[in-house]
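Chains as they are written, first to last, in the working numbering: chain A, 1 to 278; chain B, 279 to 645.
Remarks on the structure that follows.
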């Protein structure tokens, strides 16, 4: 009974939050008690008769780092589009935690609920310093007045410092973001994503165009995110996926072909046939 | 390589360039006043009051240029209609000055300005009420351009009109206002505008001391306007503006309400332009619909481009250089002026893409 009362009080109080971005932390509604942060069930999408996604079922655990591979046209990007609200599926269901129905939400709402996406091409604010880039992306009150008078609190400052450390750009903090190398820009972009404190990060082809050293560094970075955030990485590069060495999902023609460790997947006969070209 | 590092110091309101700017402005203002007051008219060091007023006019233009630089240089909105806000501020001041004439007009009517008597009007239109009060007029100097900018910006930014389309409708805005103000029935003096002013707050506008005070007031307004803009651009809001300028959709994606940021900075810029207009009118002694002409607004953009965008002090330098050149050329070779302006613009675009301010910071980096 008292539980009911406190829940009710909490729900009334919650109506004070006119601006959702005023809540610095995760959406209180996100419910991961069953240990699963993302549910995609029986999803179908077709574009002009072409079935881009065909009965897709995918579950991501909280804190998990999952790699998704698949040949071109397997539906990887379409899947990302469904999760972020860019594409609406013809049928199926998509839930963030137990209770948040992604199919009923707009793109910014999904972003505010705690799903962040890194696009293939990095877009950083080139004319501003690395530090300012992270400061701008920080989760905080983003209204005009509070932005005008915003001062970094020591806590926020150390958050930025931590992220700089994490993405390995500590020495470049005052460098103009436009002067960074391609790989560094990708890391900065991931750092900007982290500053928004998402619960689930969708990372689309993070190592495209990177050198081997940069790839190793990126793998380390993504592995270090594991636990604190759930991360879904879509990547073509097999060496990179192997170096992350986590659970791998193979997509083919819009549905899951195989799931398991890299070795299991590589030894799967169906996977060999369609993807590894044997 | 040095240019690639953004200095932490830039986040202070009173950074080095601001300190230098304010000191130069204070020194020049003091020097001009001293040279005008202390030295006898026949002395070589004497600055005639006519020149002081001319300099005062340049300072109001400089304030206008700072307002344009705030939205163009830092927010990426190219306004080709900022002359409209400048002129509205000017008209608000002009209406106060008209009401101050009282019965000293040609027709001697204690209430109605001359042009209304000439049009056989019997009473003051409602929108002229209250302009006999200085505080009300000053409020209107800020509110009239501010409100217009707010409504215009609300419509334009909400429907995500950007780039060249926005520039074109700002141009249309000022053109429409020009046509409206040319009409006698509008009640703003038609194409003659408002003129023949006598005094401001009881001080004779022709007297030396009033003119010098207006010059000093312009310098103070420029200093405060500059500091206010500097406060905005050095705040986090300034960094958000630059983010909007460089990658608008990315900024929106992070969670900033881009249209609100644009709307408030745009409105602030318009109000600042209005203040500049209000200081301009008593110094030149006239305001007419020509101030709304699109050509004027384009010329203002040229000042900022020539001085250098996104520095604030560049806008001041540009406004002063171009207007000095204009005064010089229109005096010596009037028919050459427009060619000179065009040439100046083409040359800076080719040789100094970052304007005069860019030249200065390049010198500073090598020194």
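Backbone N, C-alpha and C fix where the C-beta goes; we use that ideal spot for every residue, glycine too.
Note that the structure is a prediction, hence the values are computed from the model and not measured.
Reduced DSSP category for residue i - H, G, I as helix; E, B as strand; rest coil
i, result
"residue 219/A", "helix"
"residue 318/B", "coil"
"residue 360/B", "helix"
"residue 30/A", "coil"
"residue 139/A", "coil"
"residue 151/A", "coil"
"residue 639/B", "helix"
"residue 298/B", "helix"
"residue 569/B", "helix"
"residue 335/B", "helix"
"residue 37/A", "strand"
"residue 482/B", "strand"
"residue 251/A", "strand"
"residue 389/B", "coil"
"residue 116/A", "strand"
"residue 25/A", "Only weak support is given to the placement of residue 25/A: the predicted model assigns it a pLDDT of 39, under 50, and the value that follows is read from those uncertain coordinates. DSSP places residue 25/A in coil when its eight states are reduced to three."
"residue 256/A", "strand"
"residue 264/B", "Examination of residue 264/B is not possible in this model, given that chain B is present from 279 through 645 alone."
"residue 106/A", "coil"
"residue 375/B", "helix"
"residue 407/B", "coil"
"residue 397/B", "coil"
"residue 353/B", "coil"
"residue 630/B", "coil"
"residue 366/B", "helix"
"residue 271/A", "helix"
Nearest candidate by alpha-carbon position, reference residue i, set the options
i, options, result
"residue 257/A", "204/A, 39/A and 71/A", "71/A"
"residue 580/B", "453/B, 625/B, 447/B and 367/B", "625/B"
"residue 460/B", "542/B, 444/B and 365/B", "365/B"
"residue 582/B", "504/B, 632/B, 383/B and 397/B", "632/B"
"residue 263/A", "274/A, 254/A, 102/A and 242/A", "242/A"
"residue 374/B", "386/B, 363/B and 406/B", "406/B"
"residue 483/B", "321/B, 300/B and 558/B", "558/B"
"residue 202/A", "208/A, 209/A and 193/A", "193/A"
"residue 575/B", "376/B, 548/B and 404/B", "548/B"
"residue 411/B", "480/B, 600/B and 611/B", "480/B"
"residue 507/B", "352/B, 311/B and 525/B", "352/B"
"residue 123/A", "154/A, 180/A, 50/A and 148/A", "180/A"
"residue 226/A", "187/A, 108/A and 65/A", "65/A"
"residue 378/B", "473/B, 395/B and 592/B", "473/B"
"residue 308/B", "396/B, 393/B and 493/B", "493/B"
"residue 404/B", "390/B, 396/B, 416/B and 397/B", "390/B"
"residue 183/A", "229/A, 120/A, 86/A and 74/A", "120/A"
"residue 408/B", "454/B, 604/B, 427/B and 370/B", "370/B"
"residue 197/A", "260/A, 45/A, 140/A and 32/A", "140/A"
"residue 248/A", "260/A, 221/A and 44/A", "260/A"
"residue 491/B", "305/B, 298/B and 311/B", "311/B"
"residue 592/B", "431/B, 355/B, 635/B and 402/B", "635/B"
"residue 598/B", "560/B, 533/B and 343/B", "343/B"
"residue 52/A", "58/A, 32/A, 30/A and 76/A", "76/A"
"residue 421/B", "571/B, 553/B, 588/B and 504/B", "553/B"
"residue 213/A", "239/A, 126/A, 158/A and 270/A", "239/A"
"residue 152/A", "169/A, 131/A and 229/A", "131/A"
"residue 160/A", "217/A, 199/A, 230/A and 133/A", "133/A"
Unbroken alpha helix (DSSP H) run spanning residue i, endpoints
i, result
"residue 263/A", "262-267"
"residue 514/B", "514-524"
"residue 442/B", "441-460"
"residue 384/B", "Per DSSP, residue 384/B belongs to no alpha helix (DSSP H) and is neither H nor E."
"residue 430/B", "412-436"
Where the beta strand (DSSP E) containing residue i begins and where it ends
i, result
"residue 476/B", "Looking at the DSSP string, residue 476/B is not in any beta strand (DSSP E), and its letter there is neither H nor E."
Next item on the list: Residues of the stretch 509-534 of chain B with a CB closer than 9 Å to any CB of chain A: list them in chain order, please.
Entry: Contact residues of the stretch 509-534 of chain B toward chain A are 509, 510, 513, 514, 515, 516, 517, 518, 520, 521, 523, 524, 525, 527, 528, 529, 530, 531, 532, 533 and 534 (C-beta to C-beta distance below 9 Å).
Notebook entry, point to check: Going along the stretch 108-122 of chain A in order, which residues come within less than 8 Å of chain B, judged by CB to CB distance?
Noted result: 108, 111 and 112
Note to self: Quick check on the DSSP output: what are the complete beta strand (DSSP E) runs of length 3 or more inside the stretch 159-241 of chain A, in order along the chain?
What the structure shows: Taking 3 residues as the minimum length, the beta strand (DSSP E) runs contained wholly in the stretch 159-241 of chain A are 200-204 and 230-234, in order along the chain.
Check: Fully enclosed by the stretch 39-102 of chain A, which beta strand (DSSP E) runs are 3 residues long or longer?
Finding: 50-61, 65-69 and 91-96
Note to self: At a CB distance below 9 Å, what residues from the stretch 538-554 of chain B approach chain A? Give them in sequence order.
What the structure shows: 538, 539, 541, 542 and 543
Next item on the list: Could I get the ranges of all uninterrupted alpha helix (DSSP H) runs contained in the stretch 558-626 of chain B, with 4 residues as the minimum, in chain order?
Entry: 572-585 and 591-610
Checklist line | Contact list for the stretch 197-210 of chain A against chain B, Cβ threshold 8 Å | finding: none
Next item on the list: Give the residues from the stretch 85-101 of chain A that approach chain B closer than 8 Å (Cβ to any Cβ), ordered along the chain.
Entry: none
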